[in-house]
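First the structure, in the form of structure tokens, and then the observations on it.
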Amino acid sequence: MALERLYLDYNATSPLSTSVVNWLRSGDVLFANPSSQHSDGKAARKSVNEARSEIFKTFHKNEKDNRLFFHSGATEAIHTFAYSFSETARLAGKDLLICYSRVDHPAVVSLEEKFFGSHVKFLELKRDKNLHYLHQENYEILKDKKDNNPDLIILYHHLWVHNETGQVTPLEELAFFKAIPDLYLHVDAVQSPGKIPEWRELSHGDIWTFSAHKFGALKGIGFSFFKSSLSFHPLIMGGAQQGNLRSGTENVQGIKSIALALKDLTLVDVTKNSLQRKKLVSFLKEELKGIGDLIDEERMCSNTVYFYLNNLSSDIALALFDVNGLEISAGSACSSGAARPSAVLMQMGQDKVSKNGLRLSMAFSIIEEDLNKIQSMMRPIFNKLRNS
Ligand SMILES: Cc1ncc(COP(=O)(O)O)c(C=O)c1O
968 MALERLYLDY
978 NATSPLSTSV
988 VNWLRSGDVL
998 FANPSSQHSD
1008 GKAARKSVNE
1018 ARSEIFKTFH
1028 KNEKDNRLFF
1038 HSGATEAIHT
1048 FAYSFSETAR
1058 LAGKDLLICY
1068 SRVDHPAVVS
1078 LEEKFFGSHV
1088 KFLELKRDKN
1098 LHYLHQENYE
1108 ILKDKKDNNP
1118 DLIILYHHLW
1128 VHNETGQVTP
1138 LEELAFFKAI
1148 PDLYLHVDAV
1158 QSPGKIPEWR
1168 ELSHGDIWTF
1178 SAHKFGALKG
1188 IGFSFFKSSL
1198 SFHPLIMGGA
1208 QQGNLRSGTE
1218 NVQGIKSIAL
1228 ALKDLTLVDV
1238 TKNSLQRKKL
1248 VSFLKEELKG
1258 IGDLIDEERM
1268 CSNTVYFYLN
1278 NLSSDIALAL
1288 FDVNGLEISA
1298 GSACSSGAAR
1308 PSAVLMQMGQ
1318 DKVSKNGLRL
1328 SMAFSIIEED
1338 LNKIQSMMRP
1348 IFNKLRNS
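So in this note's numbering, the last one in the sequence shown is 1355, and the numbering has no gaps at all.
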């Protein structure tokens, strides 16, 4: 009998949502270039426009105050806005400070390796050992920098739902930063859809970025909202297909898949999923006694559990889980290969186990049967580890 397999790596990429699968199966997938002026091109443009309207509606945003554009995913968007702000600052003869935290997604952390110009500096936001942002301290540092350089522009990256741990830092906590003039908040909302009750409430930010493959739509497509009042300089230029925001032929199927997947997500019962997650956390707490531990606190998203084993690096643990039918992940979403020290565990002062972090990220609808399956497939692995 074939081994049963459970996919528990939704934070890396989620399977396609039901509506997306049904639509692809129907074969009614528009292929024409939406910039073309013939009938098929116009049908493709209509599909893009309808999807745009749906996305605005889903997130309660209006087209007057916000701009929306599609890109290849959050990595591109993060680099696009860093570039855009660096250009805005350069053209105005000002300095730009990009703020991020060490445990942000590598797409953000890697910005520091890029040379945008000598007018661009970086500041690492402080977090404590529980990974909580030290907002007050960060605020004082930023205020001081602004007081000393009134022309300074600040681009502040905020990770709403942590991709590895599932920890949530509510957007309301950022409100007081807006008292600093010329400070702009880029909210990395990649892991929020369908995983926190307030995922459609895009408050307090200036920019919000999403990747479609994290919530049941196709890969290679994402979107960002930003306030119309922001000046913008595109990273990718060419045929100006999306006005002056991002060039390149629009990914019509990808865009339609976003609208379909978001519609499915609005049916997700996040509160119910969170209760199921709690059951899994209780199970793991018990099973990990003496052989590891997990990260848990009050504000966690509904699908993610992050844990580590004391004496087994994540690459070996992953193989062990995999041969037992459980597809989980190590470290940051989308990374692969040999175990590397996890920035999360290092930040927590857990240097000894820093290569041992494991993440399990579940579906958008966690039913009792799946939960029981996960537990019964995990139990023998933990038994083996306890007795080895
Ligand atoms: C929180 C977060 N931000 C950004 C990204 C980058 O997204 P993408 O790989 O789709 O460009 C990811 C992907 O894992 C993520 O989880």
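We treat Cβ as the ideally placed atom computed from N, Cα and C, and that holds for glycine.
As assigned by DSSP and simplified to three states, the class of residue i
| i | result |
| --- | --- |
| Gln1317 | coil |
| Leu1325 | strand |
| Thr1271 | strand |
| Asp976 | strand |
| Val996 | coil |
| Glu1254 | helix |
| Gly1221 | helix |
| Glu1021 | helix |
| Gln1158 | coil |
| Arg1012 | helix |
| Arg1167 | coil |
| Leu1234 | coil |
| Leu1276 | strand |
| Gln1243 | helix |
| Glu1265 | coil |
| Glu1079 | helix |
| Leu983 | coil |
| Leu1312 | helix |
| Glu1294 | strand |
| Val1135 | strand |
Below-8 Å beta-carbon distance, residue i vs any chain B residue
| i | result |
| --- | --- |
| Glu1253 | Given the protein chain composition of this structure (a single chain), no chain B is represented. |
First and last residue of the uninterrupted beta strand (DSSP E) at residue i
| i | result |
| --- | --- |
| Glu1398 | Absent from the model: residue 1398. The displayed extent of the chain is 968 to 1355, so no value can be given. |
| His1153 | 1150-1155 |
| His1124 | 1120-1126 |
| Lys1088 | 1087-1091 |
| His1038 | 1033-1038 |
| Ile1262 | 1259-1262 |
| Leu1202 | First-last for Leu1202: undefined, no H or E at that position. |
| Ile1065 | 1063-1067 |
Closer than 7 Å: residue i CB and nearest ligand 1 heavy atom
| i | result |
| --- | --- |
| Ala1041 | yes |
| Asn1130 | yes |
| Gly1189 | yes |
| Val1157 | yes |
| Ser1014 | no |
| His1046 | no |
| His1124 | no |
| His1180 | yes |
| Asn978 | yes |
| Ala1228 | no |
| His1153 | no |
| Ala1074 | yes |
Pair within 8 Å by beta-carbon distance, residue i and residue j
| i | j | result |
| --- | --- | --- |
| Tyr1273 | Ile1262 | yes |
| His1171 | Ala1142 | yes |
| Ile1188 | Ala1018 | no |
| Gly1192 | Leu1169 | Reading off the sequence, residue 1192 comes out as Phe, not Gly. Yes, the pair counts as a contact, with Cβ atoms nearer than the cut-off. |
| Leu1119 | Asp1149 | yes |
| Thr1238 | Ser1328 | no |
| Trp1127 | Ala1146 | no |
| His1153 | Thr1176 | yes |
| Tyr974 | Glu1294 | yes |
| Ser1296 | Asp976 | yes |
| Asn1116 | Asp1062 | yes |
| Pro1160 | Phe1190 | no |
| Ala1207 | Ser1196 | no |
| Gly1084 | Ser1051 | no |
| Leu1251 | Leu1338 | no |
| Ser1269 | Lys1162 | yes |
| Ile1045 | Ala1074 | yes |
Cutoff 7 Å; reference residue i; Cβ partners in own chain excluding five residues on either side
| i | result |
| --- | --- |
| His1102 | Glu1140 |
| Val1015 | Pro1001, Glu1217, Val1219, Ile1222 |
| Lys1194 | Asp1032, Asn1033, Asp1173 |
| Arg1057 | Gly1084, His1086 |
| Pro1308 | Ser1321, Lys1322 |
Sequence-distant residues of its chain with Cβ nearer than 6 Å to residue i (five each side left out)
| i | result |
| --- | --- |
| Leu1229 | Thr1025 |
| His1180 | Thr980, Lys1186 |
| Leu1090 | Leu1064, Cys1066 |
| Gln1342 | Phe1250 |
| Met1313 | Ser1321 |
Same chain, Cβ closer than 8 Å to residue i, neighbours up to 5 away in sequence not counted
| i | result |
| --- | --- |
| Leu1212 | Arg1034, Phe1036, Phe1199, Pro1201 |
| Asn1097 | Glu1264, Met1315 |
| Ala969 | none |
| Ala1010 | Leu997, Ala999 |
Endpoints, alpha helix (DSSP H) assigned at residue i
| i | result |
| --- | --- |
| Lys1194 | Taken as a continuous stretch (DSSP letters only), Lys1194 belongs to no alpha helix (DSSP H), being part of the beta strand (DSSP E) at 1189-1194. |
| His1102 | 1102-1115 |
| Ser1178 | First-last for Ser1178: 1174-1178, but that is the beta strand (DSSP E), not the alpha helix (DSSP H). |
| Arg1213 | Looking at the DSSP string, Arg1213 is not in any alpha helix (DSSP H), and its letter there is neither H nor E. |
| His1046 | 1041-1059 |
| Phe1288 | 1281-1290 |
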